[in-house]
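Read through the structure below, which is laid out as structure tokens, and then see the notes.
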Amino acid sequence: MPLRKKPMLSWKLLRVPILKFTSMNNISALDNLFSEHNLGSEPSAIALGFFDGVHRGHVALLNKTKELAQSRDLRPLVFTFKEHPSWLLTPTKRAKLLCTLEERLSIIKNMGLEPIAVPFDSEIASMAPADFVASILVNKLKATQVVVGYNYRFGRCAQGDVQMLQRLGVKFNFSTEVVAPFCLDNEIISSSLLRRLVEEGNLPKASRLWGRRYKVGGKIIHGRKVGRTLNIPTANIEVDSYLIKPPRGVFAAICSLKKSENDQVGKSFCLPGLAYWGNRPTFDCGRDVLEVFLLSEPGQFGPDELYGWHLEAELIEMVRGQIHFPNAEAFVSQVTKDKLKVQEIVAKL
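For the sequence shown, counting from 1, position 55 maps to 55 in the working numbering; every step adds exactly one.
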């Protein structure tokens, strides 16, 4: 089949379709939503998975999907879930995530594929594997090519595996491409491995395997302003609770600062910073917070002008663990040493 003369990405991706269902009328709800976003109007190559963090293994799978779509003149789709399945299936053991939904979809979209984010609810969770394939992949999304990882599971109680998917592909006339595990440093890269490395504080290894640095961020909010009284003004960041966190301590960071999370044209800055994650035992805070001490000035903007701005810190390396200092003077003395160490780390980048 000849390739299209127009670019593959000619569809209007003004917003990522995040599909919502609230009743037993899910099939008609899916029909309406897929129709609204012009899904199922042409044959597609579909990548399946959750893609938390979009690590090197995910990138290989997504690139394979895009390659197959281009070679066969298919629409490149990514079918994923908005919430991690564990949030519904094992609520007492909810998986902490490497990135937000918005970041995950943005990375996929910037790679040249069209993500479809569907809420993982009880009705989706109860679908038999064959029903999922027939009603969603085949009937609604017109799957001609399906691409999955070697350990992909699907359907009620994760009954479906790649062998079942291949058999269903023969039945419903679509090809199944199974992507082998991606290895680096003799380890299979997976989201669960990266989560463990982040929780252990092994950020250099996590970054190397991931293909990008671990980052955490959010809106700058008002704090107690204790740091300002000690000439160490910090930005207090509102962090999503469902994201994976490193151990409590101090980290060297590269920080991006902009007026809002989605601001693409306004003022923005990229600055070195000393990031702290912990519960500030010296000052009796009690709850965990993210604080960032910027080591360079953000232009002409003072601390009071940055409230409401969005700060994102890419953590490079852990400098030290959390310490309960006997007094404020000991705290300031240690932060001075931390600042020198952070500057040394950043200078090597």
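Even for Gly, the Cβ is constructed at its ideal location relative to N, Cα and C. Here the structure is a predicted model, which means the values were calculated and not measured.
In the DSSP assignment, residue 310 falls within the unbroken beta strand (DSSP E) covering 310 to 321. Under the three-pair Cβ rule at 8 Å, the region 199 to 209 does not count as touching the region 70 to 78. Nearest neighbour of residue 302 by Cα position, chosen from 219, 334, 291, 228, turns out to be 228.
Separation of residue 75 and residue 159 (C-alpha to C-alpha, rounded to the nearest whole angstrom) is 28 Å. For residue 177, the uninterrupted beta strand (DSSP E) segment begins and ends at 175 to 179.
At a Cβ-Cβ threshold of 8 Å, residue 182 and residue 57 count as neighbours. Ranked by Cα distance from residue 156, the options 85, 240, 225 are led by 85. When DSSP assignments are scanned along the region 97 to 150, the uninterrupted stretches of beta strand (DSSP E) that are 3 or more residues long and fall wholly within it turn out to be 114 to 118, 143 to 149.
Assigned with DSSP and collapsed to three states, residue 278 falls in strand. Between the region 319 to 332 and the region 242 to 253, the count of C-beta pairs closer than 8 Å reaches three or more; the two stretches touch.
Per DSSP, reduced to three states, the secondary structure at residue 65 is helical. Per DSSP, residue 258 is one residue of the beta strand (DSSP E) stretching across 249 to 258. Taken atom to atom, the span from the alpha-carbon of residue 222 to that of residue 123 is near 41 Å. Going by beta carbons, residue 49 and residue 142 fall outside the 8 Å limit. Sorting 281, 269, 317, 308 by C-alpha distance to the C-alpha of residue 296 places 269 at the top. In terms of Cβ geometry, residue 220 and residue 236 form a close pair [threshold 8 Å].
Going by C-alpha positions, residue 198 is about 42 Å away from residue 171. A distance below 8 Å separates the beta carbons of residue 318 and residue 246. In the same chain as residue 288, and ignoring 5 residues on each side of it, the C-beta atoms closer than 8 Å to its own belong to 245, 248, 277, 278, 279, in chain order. Boundaries of the alpha helix (DSSP H) harbouring residue 227: 226 to 229, taken from the DSSP string.
Note: residue 165 is not bridge-paired with any residue in the DSSP secondary-structure output.
Per DSSP, the continuous alpha helix (DSSP H) segment holding residue 341 begins and ends at 328 to 347. Here residue 348 is exposed. Its C-beta has fewer than 16 other C-beta atoms within 10 Å. Residues of the same chain with a CB within less than 6 Å of the CB of residue 188, apart from the 5 flanking positions on each side, are 181 in chain order. In the DSSP assignment, residue 196 falls outside any beta strand (DSSP E) and lies within the alpha helix (DSSP H) extending over 191 to 200.
Each residue's CA atom was taken as its position, placing residue 104 and residue 98 some 9 Å apart.
In chain order, 240, 243 place their CB closer than 8 Å to the CB of residue 100, counting only its own chain and leaving out the 5 sequence neighbours on each side. With 16 or more other CB atoms across the displayed protein chains lying within 10 angstroms of its CB, residue 145 is buried.
Under DSSP, residue 270 takes part in a beta bridge, and its partners are 256. Ranked by Cα distance from residue 225, the options 132, 307, 178, 136 are led by 307. Judged by DSSP secondary structure, residue 204 falls within the alpha helix (DSSP H) whose first and last residues are 203 to 210. Pairing residue 96 with residue 52, the inter-Cα distance amounts to about 10 Å.
With distances taken between CA atoms, residue 118 lies nearest to 80 out of 328, 316, 80.
Going by beta carbons, residue 128 and residue 78 fall outside the 8 Å limit.
Secondary structure at residue 301: coil, using DSSP grouped into helix, strand and coil. The closest CA to that of residue 65, considering only 133, 147, 82, 38, is found on 147.
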